[in-house]
Amino acid sequence: MMKTSPKIQKEVIENCKAGDERAFTEIVLQRQKKVFNIAYRMLGNSEEARDLAQEVFISVFESIKDLKEEIKFDAWLTQITLNHCRNRWKYLKRRQYFSSDSLDDPIETEDGSVPRAIYDPSDNPEILLEKKMIQQLIQRGLLKLKEDQRELLVLRDLQGYSYEEMGETLGLPEGTIKSKLHRARMDLKEVLERSTH
Amino acid sequence: MDCEKVRAWFSSLWEKELSPFEEKTFREHLSSCPECRREYEQFEKTIRWLHSVGEVEVPEGFLPELYKKIEEKKGAIPGEKSRGRWFHFPLSFKLPVQAAAMVAIVFLVLFLTKMMPMEGDRPKEAKQTSSPLSVEKKAEQVLTPKEMEKERRALETSAETPHPKDFEQAKAPVLGEKKLETDAPRVMAGGEKAEAPSPQTPVSTTQAIDSREAGGVKTPSSAPGEIEKGLVAKEKSVVASKPPQEIVLRISDRKKGISQLHELVKQFGGEMVTAEGDRFLASLPTSSFSQFKKELERLSSSIKTDQLNVKKHATGGLRFEQGAKREEGDEKSKGSARLAADTESRTIVHILLVEE
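Those sequence lines, one after another, are chains A and B. The opening residue of the first sequence carries number 1 in our numbering; numbering runs sequentially from there. The opening residue of the second sequence carries number 1001 in our numbering; numbering runs sequentially from there.
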């Protein structure tokens, strides 16, 4: 699970709003990993995720001047990312992009452009292989869930969002988020059980 | 404690949100229920796997590519930009727009298909009222009662006080019109104002219009219908004139019919002006016209009165309908002009012979 990123300074956001490109670059550098990872887990394809993450930052560049509360920048950025993911998901689904064979496997793609997961160098090859298989299973399992369930799991269990942050981002009460998240975890468990047996 | 409730606590236990009492109850149930224990083990494993998924590195060149895209967007042609945007609009926006467009197209098609037969009918209508004078006909029919009244007045005044000046004034504009219809120099000789343009040579329609201009009459457009309207309107303001009439004589024996017609005309003190095939132009005293008409009705199996092609003339104001005049030609118009000059109250009748 990812550690929560440190908050972007208010001045940086204000400078970016004023049109400072260096401030924008700083924001991109600080948040590109998070945006890209959310996109990657939501779509399961690194190329799509890269393109989508860039689109997200273009949206930020174009509309950051409309952001009223700088303190809510992260929730705002996540909302933009999830909105882009939803639209892209629909777009790709209509084109039957997500057939079982077209899934972008983060481990087994041939072209080498697949993003590398961060592994513990102390892991021995067996553990490494197991980890790869687990990652593959999880990614496939996530893509079989409903979109809103996937969002909850990605934000909470992969990105380490607090319930408060999730509530702010998704506009849902904490209790609703908890119950929905539990349902999503149980469904993923079912999916994984089916796929491993 | 039932299994459903225990399974609903899986996440809470994992998140350490259960109270000590709840946790104790939960664990007691797990130890006594192998099914729930197995379920919880699977759940725990899933969460551990989820948390074991590491972060993925951002692909190289992400930032330069981003700037490139921003630059492209900045320099994009607005038209192209909006064209591409359509594909990214949500369906909730696109569907109503597409539906509205479809409805508009359907209405347009319905409208066009409804209009087409009407368009197709027009030529038929045109054929039915194929006479190029149909418009003029209407105009004259509308004016008929007024003209009748004027004619009556004119007849009265001319009978009571035949003033030469009045006659000339009344005659002049009408003669101008006559020039339009015919190129009769004799008629023009009768009107001082009309003489000016070209009294000796035959006058074309446009020349006639010019002459009317010279006479102080507002120039109408050169279109025949408009000229006719102008004439009618002008006549209204001048002297008496009667609505034109055409008598269709339906006969079974042509020769007999013609001879009977000639006899009738003579009988009523009139004379046959022209006889071209089945078309006859007769001049009759106005007083005996009604009697003549009755006699003619007896001859004919049915008489159709069409207030168009033949006009009654009163107080010397002889007027020919333009269409009829064109067909009749110079000789006829000369004759009728002569009559107009010679007689004070005569009626010109256009008789069309139809053999049945």
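Note that CB positions come from ideal geometry on N, CA and C, so glycine has one too.
Met1001 (chain B), DSSP secondary structure in three states: DSSP places Met1001 (chain B) in coil when its eight states are reduced to three.
Should the region 153-161 of chain A be regarded as contacting the region 1047-1067 of chain B, the criterion being three or more beta carbon pairs within less than 8 Å? Taking a contact to require three or more Cβ pairs closer than 8 Å, the region 153-161 of chain A and the region 1047-1067 of chain B qualify as touching.
Check each candidate in A:Met166, A:Gln139, A:Pro6, A:Lys65 and name the one with the smallest Cα separation from Leu152 (chain A). The option with the nearest alpha carbon to Leu152 (chain A) is A:Met166.
Does Phe1026 (chain B) come within less than 9 Å of chain A when only Cβ atoms are used? no
Simplified DSSP state of Ser1345 (chain B), which is helix, strand or coil: coil
On the criterion of 16 or more Cβ atoms from any shown chain inside 10 Å, does Val1109 (chain B) qualify as buried, or is it exposed? When all chains shown are included, Val1109 (chain B) counts as exposed.
Exposed or buried, which one is Thr81 (chain A) when buried takes at least 16 other CB atoms within 10 Å? Burial call: buried.
Let me make sure I understand the geometry here. Which of B:Arg1007, B:Ser1012, B:Leu1013, B:Glu1060 has the alpha-carbon closest to that of Glu1035 (chain B)? B:Arg1007
Please report the straight-line C-alpha distance between Pro1096 (chain B) and Leu1013 (chain B), rounded to a whole angstrom. 47 Å
Helix, strand or coil for Lys1034 (chain B)? Go by DSSP, reduced to three states. Going by the sequence as given, residue 1034 (chain B) is Pro instead of Lys. DSSP places Pro1034 (chain B) in helix when its eight states are reduced to three.
Please confirm whether Tyr161 (chain A) has its beta-carbon closer than 9 Å to some beta-carbon of chain B. No - not a single Cβ of chain B is within 9 Å of the one on Tyr161 (chain A).
Any beta carbon from chain B within less than 9 Å of Asp66 (chain A)'s own beta carbon? no
Note down the Cα distance separating Trp89 (chain A) from Trp76 (chain A), rounded to an integer number of angstroms. Annotation: Trp89 (chain A) to Trp76 (chain A) spans about 20 Å, alpha carbon to alpha carbon.
Cβ-based neighbour list, Cys1003 (chain B), same chain, cut-off 7 Å, excluding 5 preceding and 5 following: Cys1033, Glu1035, Cys1036
Are the CB atoms of Ile8 (chain A) and Gln32 (chain A) nearer to each other than 9 Å? no
Helix, strand or coil at Ile8 (chain A) [DSSP, three-state]: Note: Ile8 (chain A) maps to coil in three-state DSSP.
Got a sec: which bits of the region 1042-1058 of chain B sit with their beta carbon under 7 Å from any beta carbon on chain A, in order along the chain? Gln1042, Phe1043, Thr1046, Ile1047, Trp1049, Leu1050, His1051, Ser1052, Val1053, Gly1054, Glu1055, Val1056, Glu1057, Val1058
Should Gln1267 (chain B) go down as buried or exposed, given a rule of 16 or more other Cβ atoms within 10 Å for buried? exposed
Cutoff 9 Å: Asn15 (chain A) Cβ touching any chain B Cβ: With its beta carbon at least 9 Å from every one in chain B, Asn15 (chain A) lies outside the interface.
Rounded to whole angstroms, what's the CA-CA distance from Val1056 (chain B) to Glu70 (chain A)? Just pull it up for me. 27 Å
Where do the ends of the alpha helix (DSSP H) carrying Ala1275 (chain B) lie? Premise fails: Ala1275 (chain B) lies in the beta strand (DSSP E), 1271-1276, not in any alpha helix (DSSP H).
Less than 9 Å separating the beta-carbons of Val1248 (chain B) and Leu1352 (chain B)? yes
Please identify the residue among A:Thr196, A:Arg22, A:Glu168 whose C-alpha is closest to the C-alpha of Phe61 (chain A). In terms of Cα proximity to Phe61 (chain A), the closest of A:Thr196, A:Arg22, A:Glu168 is A:Arg22.
Residue range of the beta strand (DSSP E) that includes Pro1285 (chain B): 1279-1285
If I measure Cβ to Cβ from Arg1254 (chain B) and keep anything under 6 Å in the same chain, skipping five residues before and after, which residues do I get? Glu1355
Helix, strand or coil, according to DSSP, for Arg1250 (chain B) in the structure here? strand
I believe Ser1011 (chain B) touches Arg185 (chain A) by the beta-carbon criterion, under 8 Å. Please report the beta-carbon distance rounded to the nearest angstrom. 6 Å
Proximal residues to Gly1270 (chain B) (C-beta, below 6 Å), its chain only, five neighbours per side dropped: Ala1282, Ser1283, Leu1284
Residue ranges of each alpha helix (DSSP H) within the region 130-189 of chain A, 4 or longer: 147-153, 163-170
Nearest by alpha-carbon distance to Glu1246 (chain B): which of B:His1262, B:Arg1279, B:Met1102, B:Lys1073 is it? B:Arg1279
Straight-line CA distance for His1029 (chain B) to Glu147 (chain A)? C-alpha separation (whole angstroms): 33 Å.
Neighbour list for Phe1010 (chain B) in chain A, Cβ cutoff strictly below 8 Å: His182, Arg185, Met186
Anyone know if the C-beta pair for Ser46 (chain A) and His84 (chain A) falls short of 9 Å? no
Proximity test, Cβ basis, 9 Å: Glu1065 (chain B) and chain A: Closer than 9 Å to some Cβ of chain A, the Cβ of Glu1065 (chain B) qualifies, so yes.
Name the one or two DSSP bridge partners that Glu1355 (chain B) has. B:Ile1251, per the DSSP bridge assignment.
Quick check on Ala53 (chain A): buried or exposed, where buried means 16 or more other Cβ atoms within 10 Å of its Cβ? buried
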